[in-house]
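Take the sequence shown: its position 97, counting from 1, is numbered 713 in the numbering used here, and each next residue is one higher.
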Amino acid sequence: MVLVAAFALSACGPMVVGGGGGEQTEAETTTTAPATPSGPPAQVAIAPGEHPEACVTETVFLPNAPSGAKVYSVAGGDPAINGLYTYIAAYNNEPGGGWNVFQIGDFNSWSVAEDRGSEIVLAVSRSQMGQNGDIETLQERYIVSVPDADDTSITITPAT
């Protein structure tokens, strides 16, 4: 249980690239024998309270951003039409830490097409109601400024 709590807390802090304990690697996938129990199982009860983190669908850390910034989305709306509420966040330097969070938009899907350090290019798919009442899906790109730890706003610019 301590291991689970430590893992959950580490996901909330800023990502450190190339420091501390070395480089991040993928989990080892090859084993010589199937896993077997090596001790008694631990019973873990349902955690009390609300858990908005359970709605997170994807997180992309921006390694070129000096602020430990990340882009993430939360499932929130109609999954068929713009169900991913998408945000960019930078870890702030306030006592006790925390994140400054800015909403980019609501999309069907998104990806970071370019990471330029001080800005990213976000490729998105979003739907809207057409003139004839049909749902049309648009492919768009936006240039989004990457916030520093003390920024209070970002810019979002349509791009070609």
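Just so you know, even glycine gets a beta-carbon here, dropped at the ideal spot from N, CA and C.
For residue i and residue j, what's the separation of their Cα atoms in angstroms?
i, j, result
"Pro630", "Arg732", "At Pro630 the pLDDT is 47, less than 50, meaning the model places this residue with poor confidence and gives no usable figure here."
"Ala739", "Tyr707", "23 Å"
"Phe718", "Ala649", "47 Å"
"Gly665", "Pro711", "25 Å"
"Ala663", "Thr675", "23 Å"
"Asp694", "Phe723", "10 Å"
"His667", "Thr652", "32 Å"
"Ala681", "Pro656", "44 Å"
Determine, using beta carbons only, whether residue i and residue j come nearer to each other than 8 Å.
i, j, result
"Ala670", "Asn709", "no"
"Leu754", "Trp726", "no"
"Ser743", "Asn698", "yes"
"Ile720", "Val737", "no"
"Ala661", "Tyr688", "no"
"Pro763", "Ser683", "yes"
"Leu768", "Ser761", "Before going on, a small fix: residue 768 reads as Thr here, not Leu. Contact flag unset, no."
On the DSSP bridge list, what partners appear for residue i?
i, result
"Pro774", "Tyr758"
"Gln747", "According to DSSP, which records beta bridges pairwise, Gln747 is partnered with nothing at all."
"Thr768", "BP columns for Thr768 are empty, so no partner."
"Ala739", "Ser727, Arg757"
Enumerate in chain order the residues of its own chain whose CB-to-CB distance from residue i is below 6 Å, with the five nearest sequence positions on each side excluded.
i, result
"Glu756", "Val740"
"Thr773", "Ile759"
"Gly746", "Glu752"
Any C-beta of chain D sitting closer than 8 Å to the C-beta of residue i?
i, result
"Asp722", "As a matter of chain content, chain D is missing from the structure shown, which is built from one protein chain."
Enumerate in chain order the residues of its own chain whose CB-to-CB distance from residue i is below 7 Å, with the five nearest sequence positions on each side excluded.
i, result
"Ala775", "Val737, Arg757, Tyr758, Ile759"
"Gly692", "Cys671, Gly699, Tyr701"
Beta-carbon within less than 8 Å of residue i's beta-carbon, same chain only, minus the 5 sequence neighbours each way: which residues are those?
i, result
"Glu730", "Ile736, Val737"
"Leu619", "Note that Leu619 has pLDDT 34, beneath the 50 cutoff, so the model's placement of it is unreliable and the number below is only indicative. Taken in chain order, the list of residues that qualify is empty."
key: In chain order, each beta strand (DSSP E) run of at least 3 residues that lies wholly inside the segment 649–723   = If we require 3 residues or more, the beta strand (DSSP E) runs fully inside the segment 649–723 come out as 672–677, 686–691, 700–707, 715–723.
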